[in-house]
Amino acid sequence: MASNNDDYISALDEGAASPAPAPATRHADSASGGDESATPALSGLSRRQVLAGTGSAGLLAAVPVIRTRSAHSASRSSAASDGTPEQIHLTFGADPATSMTASWASPDKSVRPRVRLSGSHGPEVELPAVQRVYTDGINGETVWTYHAELRGLRPDTQYSYVVTADNDNAAEPFSGTFSTAPAGRAPFRFTSFGDLATPNTQWVLSYGQSAYAVAAVESFTPLFHLLNGDLCYGDLNPTVQPEVWRDFGNNNQSSAAYRAWMPVPGNHEIEFGNGPQGFSSYLTRYTLPGNGIPGFRGRWYSFQVGSVLFVSLSADDVIYQDAGAFVAGPSPLTPVASTGNPPIQPGTSFYISGYSGGAQTAWLERTLAAARRDPSVDWIVAQMHEIACSSSVTGNGSDLGIREQWLPLFDRYQVDLVLNGHDHDYERSFPCRGFDSMVGTEATTGAPVQTLRPHPVTTTDNGVFDTSQGTVHLVLGGGGTDANLDDYGLDKSDGLTQAKVFTHANRPAPTSTAGVYARAGADALEDATWSARRDTSTGYGIAVFDVDPGTRAGGQTSITVRYFHALGADPVNPATGEPGAPNHNYTEFETFTLVKPRSDRGRG
Ligand SMILES: [Fe+2]
């Protein structure tokens with residue numbers, strides 16, 4: 030594990046933690062805040078207090094201090110600046126049983142941003158928040174975000190918290206609650222979907238279902254929620270990316286301020302002008318567990334709750350598909366002059382496959398190997414945006430890159446469950462191990478092509494699956510975005526389900542219209558023998574997972590999975606052509622159970 034210093038430095042290389050000049054028209058800088066970089070707001074605290082216990086490199090950590098009068102003596106420096114917290118959300122720290130990070134944004138620079146934390150086990154404490162900013166590379170707006178890392182918490186305990194600043198203009202500061210994870214083997218619930226967008230239909234791919242989706246998370250009261258990439262589609266609204274993120278953050282707040290929402294980056298987090306992988310907005314807004322890899326903080330990570338290790342991955346690093354930000358033309362995308370960025374010409378896409386140079390896959394193997402040596406880990410759940418097993422015909426489909434680079438590791442280390450987004454539908458695979466070789470065909474010529482088709486270890490769909498025998502893949506891209514993709518492939522020659530597979534990069538190519546470019550769909554096809562269940566009735570839903578750790582060492586443990594869907598929510602039903610509308614009522618589509626032996630055999 031690298032030091033926090035590595036993580037801190039790596040945050041800088043996205044520009045996320047570095048000071049950005051504020052637009053003169055948008056805010057007057059503070060004389061009292063003094064927090065122009067990733068250091069906590071120091072007013073009322075000595076630098077020694079802030080650094081105590083974290084090591085000199087631990088600048089991302091805020092250290093609890095007992096509230097003092099000075100911490101409350103407001104010194105408003107600019108009545109015009111608005112430091113009111115918004116877009117408030119929680120993420121787990123390195124140990125979900127003892128740490129939580131509260132993050133938020135404000136319209137202008139906050140003056141002495143801070144959290145007040147209280148529980149039933151001690152006095153209220155006040156923590157300064159770290160400021161991180163970025164300036165959008167297209168429209169030049171500076172985004173102010175704040176992060177307070179709460180450590181030393183008690184497991185399985187509820188806390189209350191307040192976020193505020195000296196220039197918080199709310200009548201009452203925002204207050205929320207959260208619970209830490211239990212320690213050791215314990216039952217818990219989590220939920221998941223991806224592809225959420227915002228309820229503001231002014232934005233491309235936003236749709237009203239995204240508000241109901243957030244309410245659905247709250248209705249199941251999970252310990253935490255996994256958000257499987259394509260958060261808000263800022264890249265598809267390139268001149269207003271920060272505004273789209275703002276609507277996303279404020280929509281999520283009604284759940285994410287009360288329980289951790291753990292995201293992964295998807296292809297629509299890749300934004301022109303925003304860092305080497307386009308992730309500056311994502312990385313600035315989220316504080317995520319470290320991965321110890323210099324230069325790559327926040328892009329992938331792992332955390333353990335109970336007997337489950339969650340491995341959250343950045344699949345754009347390994348896929349063939351080119352699906353990031355793209356200028357189709359005929360006009361270039363021209364950033365505002367203040368950014369200093371040149372026009373982005375038609376036919377340009379932001380393709381980041383291979384961006385970690387193998388570092389992520391090496392980290393993944395180390396992480397999985399360590400987990401399988403650890404008797405406290407029964408289950409490994411991988412979370413990523415793009416998909417190894419999808420048979421959506423209107424969507425993206427499957428990607429050979431994941432099959433080549435990660436599925437062999439999932440086989441070797443017996444990953445139990447893979448959760449995806451990307452295609453806006455629901456699909457469940459049978460447990461799979463290994464692959465069927467050379468069973469794909471090129472889409473245009475029918476020539477044989479290698480797709481490394483995942484091999485199902487059973488095709489009996491009896492509702493109970495032993496994942497020690499094979500990995501189950503779930504497509505959960507039905508968060509709320511405005512394009513249902515619940516139309517699935519069928520091989521008309523044999524009546525079998527059929528999947529599209531990317532086996533090559535679909536880089537932009539000229540179209541018949543002068544100056545206009547397009548990216549092709551997947552280039553290969555295969556019979557999807559791994560596909561067990563597809564929801565043809567709606568593209569929208571949420572998965573609910575209940576982990577039963579079992580009762581004795583070496584005994585059986587299980588995860589019950591229920592998928593709930595929002596019938597009628599498809600903007601256009603692919604089967605009937607009928608228009609639909611957002612639906613708040615999520616009803617059960619299917620339930621199944623994953624089982625396996627615990628890993629603490631002989632240790633009880
Ligand atoms: Fe996607």
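In my numbering, the protein residues as written are 30 to 633. All residues carry an ideal CB built from backbone N, CA and C; glycine is no exception.
With a Cβ-Cβ cutoff of 8 Å, do K529 and L554 count as a contact?
yes
By Cβ distance below 6 Å, which residues in the same chain neighbour T390 in space, the five residues on each side in sequence not counted?
Q434
For the beta strand (DSSP E) containing R275, list its first residue and its last residue.
From DSSP, R275 is part of no beta strand (DSSP E) but of the alpha helix (DSSP H) over 270-285.
Between the C-alpha atoms of D351 and D511, what's the straight-line distance to the nearest angstrom?
21 Å
Residues in its own chain within less than 6 Å of D377 by CB, not counting five upstream and five downstream?
A quick correction: the sequence has Thr, not Asp, at residue 377. Excluding positions up to five away in sequence, the list reads V356.
How many whole angstroms separate the CB atoms of F531 and A561, which I take to be in contact at a CB cut-off of 8 Å?
That pair is no contact at about 22 Å.
Stretch pair the segment 381-398 + the segment 463-482: three plus CB contacts closer than 8 Å:
no
Could you name the residues of the same chain whose beta carbon sits closer than 6 Å to that of M278, not counting the 5 residues immediately before and after it, in chain order?
Looking at the sequence shown, residue 278 is not Met but Gly. Result list for G278: Q116, in chain order.
Backbone CA spacing between P375 and N303 [nearest angstrom]
18 Å
Cβ-Cβ separation, L256 to L225 (assumed contact under 8 Å), whole Å:
7 Å
Assigned secondary structure, G469 (DSSP; H/G/I helix, E/B strand, else coil)
strand
To which residues of the same chain is L265 closer than 6 Å at the C-beta, ignoring the five residues directly before and after it?
V233, L234
W290 to G319 span [Cα, whole Å]
16 Å
For G337 and P483, I'd like the C-alpha separation in whole angstroms.
Per the sequence shown, residue 337 should be read as Val rather than Gly. Computed Cα separation, rounded: 24 Å.
Continuous beta strand (DSSP E) stretch holding F574: start and end
570-577
Within 7 Å: the Cβ of N296 and any heavy atom of ligand 1?
yes
By the DSSP assignment, the alpha helix (DSSP H) with Y241 in it spans what residues?
238-248
Where T622 falls: helix, strand or coil (DSSP):
strand
How is W173 classed by DSSP in three states: helix, strand or coil?
strand
Ligand 1 and H502: does the residue's C-beta get closer than 7 Å to at least one heavy atom of that ligand?
no
At which residues does the beta strand (DSSP E) containing L503 begin and terminate?
501-505
So Q160 is in the beta strand (DSSP E); what residue range does that whole segment cover?
159-164
Quick check on this structure: which residue in F618, R627, N614 has the alpha carbon closest to the alpha carbon of Y241?
N614
Please say whether E415 and N449 have beta carbons closer to each other than 8 Å?
yes
Span of the beta strand (DSSP E), counted from its first residue to its last, around I588:
585-594
Using a threshold of 8 Å, state whether the C-beta atoms of Q231 and A598 are closer than that.
no
For G631, which residues from the same chain have a beta carbon less than 7 Å from its beta carbon, with the 5 sequence-adjacent residues on both sides left out?
G583
Which word fits T586, buried or exposed, when buried means at least 16 other C-beta atoms lie within 10 angstroms of its C-beta?
buried
Quick one: what does DSSP say H414 is sitting in, helix, strand or coil?
coil
In whole angstroms, what is the alpha-carbon distance linking D428 and N296?
13 Å
May I have the straight-line CA-CA distance separating R402 from M467, to the nearest angstrom?
34 Å
Starting from C261, follow its DSSP beta bridges and name the residues at the other end.
C261 is not bridged to any residue.
What's the C-alpha gap between V273 and C261?
7 Å
Determine, using beta carbons only, whether T542 and T313 come nearer to each other than 8 Å.
no
Distance, E298 Cα to P364 Cα:
18 Å
DSSP on P404, reduced to helix/strand/coil?
coil
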